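Numbering (the numbering used here), first residue to last: 2 to 310.
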Ligand SMILES: C[S@@+](CC[C@H](N)C(=O)[O-])C[C@H]1O[C@@H](n2cnc3c(N)ncnc32)[C@H](O)[C@@H]1O
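Take a look at the structure:
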């Protein structure tokens with residue numbers, strides 16, 4: 002078995018088949034890998050073809066190392082024999098690293114600058130609809146609710162907000178549903194906010210039930226399922242990076258179609274709208290926040306025109 006760093010760096014790797022060593026070329030490995038993806042797609046209804054190959058291969062090898070398999074071909078055989086293996090693989094592939102207040106300043110900007118503009122543009126009897134797509138354990142949507150409760154009050158949130166937190170990974174959604182976190186997971190929550198919005202339970206620290214009730218948590222695959230309609234704020238952070246450029250474009254087009262005309266899109270720190278620039282206007286490139294629509298609409302947001310200079 003080869004160490005991960007060896008796999009990462011080498012152009013050739015040793016397949017060690019029965020009957021002696023043989024060196025497999027990258028082309029052979031890629032071909033085997035695509036066969037593996039086809040098998041998963043057509044025989045296990047697990048379509049991973051939209052994800053970037055470099056990340057996928059790294060995650061597959063990680064999984065294969067754990068079960069002591071060193072070629073994609075052997076892994077295919079393993080998948081064919083074990084009807085549960087693709088589920089374990091999927092958990093490894095859908096990297097669900099997350100955290101509360103990741104990129105703290107971006108969240109502050111969102112709560113203090115962007116949300117008030119959304120509220121200004123909406124009649125007071127209409128709900129404000131927020132969608133956290135690829136929410137992982139829910140840390141993201143609950144971070145936002147904490148800030149909004151601080152800025153606007155819990156009552157306003159209860160009356161006006163409709164939040165959706167979705168992810169393709171059922172396991173991680175379970176935690177989003179329970180909104181309960183361990184000591185390590187809550188480390189980045191400022192102590193005063195932790196005290197105010199969480200309570201100790203037998204299972205860990207549980208988020209305020211009053212605010213939790215505002216959020217609908219559900220399974221949703223960005224490539225397969227219809228996007229949620231009439232959204233004012235769409236948070237999709239650190240998800241698009243895992244997809245191929247074609248898949249990213251398709252997701253961004255769908256996001257555009259469901260955002261209200263005065264809606265906003267919030268991406269992760271390393272993500273940019275590159276190919277769909279005609280669909281979104283940057284509000285703050287630094288914080289990766291975009292407005293839907295065309296320039297004239299920006300007149301409604303004085304702070305945006307100021308930013309664009
Ligand atoms: C790195 S995490 C980001 C979590 C959170 N948005 C954040 O930034 O802290 C990526 C998340 O995207 C989810 N994901 C991956 N592919 C997806 C898909 N096709 N549809 C919905 N969610 C997906 C994964 O399950 C994972 O929870």
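Glycine is no exception: its CB is placed at the ideal position from the N, C-alpha and C atoms.
None of the values given here were measured: they were computed from a predicted structure.
Worksheet item: Between residue 157 and residue 272, what straight-line distance do the alpha-carbon atoms span, to the nearest angstrom?
Response: Each residue's CA atom was taken as its position, placing residue 157 and residue 272 some 31 Å apart.
Discussion item. Taking the straight line between their C-alpha atoms, what separation do you get for residue 8 and residue 56?
Written reply: Confidence at residue 8 is low in this model, with a pLDDT of 30, below 50, so its placement is unreliable and no value can be given for it.
Worksheet item: How many whole angstroms separate the CB atoms of residue 261 and residue 233, which I take to be in contact at a CB cut-off of 8 Å?
Response: 5 Å
Worksheet item: Less than 7 Å between the CB of residue 223 and some heavy atom of ligand 1, yes or no?
Response: yes
Worksheet item: Looking only at DSSP bridge pairs, what is residue 283 linked to?
Response: BP columns for residue 283 point to 291.
Worksheet item: Is it the case that the CB of residue 256 approaches a heavy atom of ligand 2 more closely than 7 Å?
Response: Ligands in the displayed structure: ligand 1; ligand 2 is not one of them.
Worksheet item: Would the beta-carbon of residue 98 be found less than 7 Å away from any heavy atom of ligand 1?
Response: yes
Worksheet item: Relative to ligand 1, is the shortest distance from any of its heavy atoms to the C-beta of residue 143 smaller than 7 Å?
Response: no
Worksheet item: Between the C-alpha atoms of residue 107 and residue 99, what's the straight-line distance to the nearest angstrom?
Response: 15 Å
Worksheet item: Say the cut is 7 Å; is the CB of residue 177 nearer than that to a heavy atom of ligand 1?
Response: no
Item to complete: Measure the CB-CB distance between residue 168 and residue 137 and report whether it falls below 8 Å.
Response: yes
Discussion item. Per the DSSP calculation, residue 237 is bridged to which residue(s)?
Written reply: According to DSSP, residue 237 shares a beta bridge with 268.
Practice prompt. Please confirm whether any heavy atom of ligand 1 lies closer than 7 Å to the CB of residue 269.
Written response: Distances between the C-beta of residue 269 and the heavy atoms of ligand 1 include at least one below 7 Å.
Discussion item. Output needed for residue 131: all residues of its chain with C-beta closer than 6 Å, excluding positions within five of it in sequence on either side, in chain order.
Written reply: 164, 234
Worksheet item: Between which two residues does the alpha helix (DSSP H) carrying residue 199 extend?
Response: Where residue 199 is concerned, there is no enclosing alpha helix (DSSP H), although the beta strand (DSSP E) it sits in stretches over 199–202.
Worksheet item: Under a three-way DSSP split, which group does residue 218 fall into?
Response: Reduced to three states, the DSSP call for residue 218 is strand.
Worksheet item: Would DSSP call residue 207 helix, strand or coil?
Response: strand
Worksheet entry | Helix, strand or coil at residue 113 according to DSSP, with G and I counted as helix | It is helical.
Worksheet item: Whole-angstrom Cβ separation of residue 245 and residue 52, contact assumed at under 8 Å?
Response: Indeed they touch by this definition, with Cβ atoms about 7 Å apart.
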